[in-house]
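K.L.:
One structure, pasted below without further comment.
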Amino acid sequence: MTHISFDQQDVLALYGPRASLLVAPQFGARLLRWVVDGQPVIYWPEHADWSNPARIRGGNPILFPFLGRHFVDGKLGAWRNAHGEVYALPMHGFARDLPFAYRLEEQDSAIRMTLTDTPATRAVYPFAFRFETYYRLDGNALEVEFITHNTGEAPLPYYAGHHFYFALPAGLRADTVLSLPRNRRQFQSADGSPSPAIPGEQQYRLDDAQIIDRFHVLEQSGNVTIHTPALGRTITLALDVEPAGAAGNAPWYVVTTWTERPDADFYCVEPWLGLPDAIHHGHGLRWIAPGQEERAALRITVDSTPQP
């Protein structure tokens, strides 16, 4: 591990025999770039606007405590608890905007970053917590884990998620196939509720407009793959990885697909623990008892075929 200057910011670089990882704990524990065998797997844009990190289209923003858009009485950016109390909350929660503490592990091939509650977080999410994000390089793979601890005296609601920006030249979307376990497809309605579910396909080309900003609710465990023959590359997200330790394992509820523009050189494939606005409708809402913790693990592997 070393501190380096990247995009005019001081970030941490982790190195393995085949890969490197750039992480910015001070910017929401954000993974900025992952390179395997010299090729970028996670996208980072040129000329990123660091004055507004939440708007940077790249890396892996961490979504916690709730993800997506929330509505109260038609108003965006708020949530209501069971007692009728309303709290403001930015889209995708507050973790991606806050600095994390960190420590290195596994002979500097892994990093654990930690966020704990403060008076500012309790003003919008009135719970005591310790939330950890863990990354470990393992050859051509990246192990990823969330550990959410309830350090308070009341049950803690949450549904966290990842927002991986996978590097993919826009011209190769039609040549790229996304494969999913059995699923049903939904989207978020204007009032925040999930749309009626329809049977989802198990394969899509990434030039298919019908999967932009869509939720693929998983009906079985398994792997998600992104196969791009023109790059000789297959990215596999193993979502049924057993986490280390004795804590309970939170299953990934949904995989969300999204990209911003037809010419964007990235495509987002995002494992989430619940659907947006779940605190109101319950789809994927999770609760952790006082003094308990829960883990959510996945493993991303990059397999490449040498090009002629």
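Note that the sequence shown ends on residue 1108 in my numbering; no numbers are left out.
Even for Gly, the Cβ is constructed at its ideal location relative to N, Cα and C.
These numbers come from a predicted model, not from an experiment.
Whose C-beta lies closer than 7 Å to the C-beta of Pro1108 among residues of the same chain, with five residues either side of it excluded?
P.N.:
Model confidence at Pro1108 stands at a pLDDT of 45, short of 50, so the residue's coordinates are unreliable; what they give is reported in the following sentence. Result list for Pro1108: empty, nothing under 7 Å.
K.L.:
Do you know offhand how far Ile1088's Cα is from His949's?
P.N.:
Each residue's alpha carbon lies about 8 Å from the other.
K.L.:
Would you report the Cα separation of Leu821 and Asp807, rounded to the nearest angstrom?
P.N.:
Each residue's alpha carbon lies about 14 Å from the other.
K.L.:
Between which residues of its own chain and Ala848 is the CB-CB distance below 6 Å, once the five residues before and five after are set aside?
P.N.:
Asp807 and Ile856.
K.L.:
How would you label Glu1093, buried or exposed, when you count the other beta carbons within 10 angstroms and need 16 or more for buried?
P.N.:
Glu1093 is buried by the Cβ-count criterion.
K.L.:
May I have the straight-line CA-CA distance separating Pro983 from Gly952, to the nearest angstrom?
P.N.:
Residue 983 is actually Asn in this sequence, not Pro. The alpha-carbon atoms of Asn983 and Gly952 are separated by roughly 35 Å.
K.L.:
Give me, in chain order, the residues of the same chain whose beta-carbon lies closer than 8 Å to that of Gly992; leave out the 5 immediate sequence neighbours on both sides.
P.N.:
Excluding residues within five positions, the ones whose Cβ falls inside 8 Å are Arg869, His870, Phe871, Pro1076, Asp1077, His1080 and His1081.
K.L.:
For Phe966, which residues of its own chain have a beta-carbon under 8 Å away from its beta-carbon, when the five flanking residues on both sides are left out?
P.N.:
These residues qualify, in order along the chain: Val841, Ile842, Tyr843, Ile1026, Ile1035, Phe1066, Tyr1067, Cys1068 and Val1069.
K.L.:
So, helix, strand or coil for Pro994, using DSSP?
P.N.:
It is a strand residue.
K.L.:
Are Thr976 and Arg1005 closer than 8 Å when you measure CB to CB?
P.N.:
Yes, they are a contact pair.
K.L.:
Rounded to whole angstroms, what is the Cα-Cα separation between Phe987 and Gln907?
P.N.:
Answer to the nearest angstrom: the Cα atoms are 43 Å apart.
K.L.:
For Phe931, which residues from the same chain have a beta carbon less than 6 Å from its beta carbon, with the 5 sequence-adjacent residues on both sides left out?
P.N.:
Excluding residues within five positions, the ones whose Cβ falls inside 6 Å are Phe864, Leu915 and Thr948.
K.L.:
Quick one: is Ser909 buried, meaning 16 or more other Cβ sit within 10 Å of its Cβ, or exposed?
P.N.:
Buried, since its Cβ has 16 or more Cβ neighbours within 10 Å.
K.L.:
My understanding is that Arg1086 touches Tyr887, with C-beta atoms under 8 Å, so please give their C-beta distance in whole angstroms.
P.N.:
18 Å between Cβ atoms; not a contact.
K.L.:
From Gly961, Arg1014, Trp834 and His803, pick the residue whose C-alpha is nearest to that of Gly816; which is it?
P.N.:
Taking only the C-alpha atoms, the option nearest Gly816 is Trp834.
K.L.:
Which residue marks the beginning of the beta strand (DSSP E) containing Pro1071, and which one marks its end?
P.N.:
Residues Phe1066 to Trp1072.
K.L.:
Under 7 Å Cβ to Cβ from Pro999, same chain only, skipping five residues before and after it: list those, please.
P.N.:
Excluding sequence neighbours, Pro999 sits near Arg984.
K.L.:
Give the DSSP bridge partners of Tyr965, in chain order.
P.N.:
In DSSP, Tyr965 forms a bridge with Cys1068.
K.L.:
Sorted by chain position, which residues of the same chain lie with C-beta nearer than 8 Å to Asn860's C-beta, five sequence neighbours on each side aside?
P.N.:
Only Arg830, Leu831, Ile842, His962, His963, Phe964 and Tyr965 meet the Cβ criterion.
K.L.:
Measure the CB-CB distance between Pro825 and Leu812 and report whether it falls below 8 Å.
P.N.:
Yes. Within cutoff.
K.L.:
Less than 8 Å between the C-beta atoms of Pro845 and Gly828, yes or no?
P.N.:
Against a cut-off of 8 Å, the Cβ pair of Gly828 and Pro845 comes out as no contact.
K.L.:
Identify whether Gly952 lies in helix, strand or coil by the three-state DSSP scheme.
P.N.:
Coil.
K.L.:
Starting from the C-beta of Gly838, find all residues in its chain whose C-beta is less than 7 Å away, skip the five residues before and the five after it, and write them out in chain order.
P.N.:
Within the same chain, Gly838 has no close Cβ partners at all.
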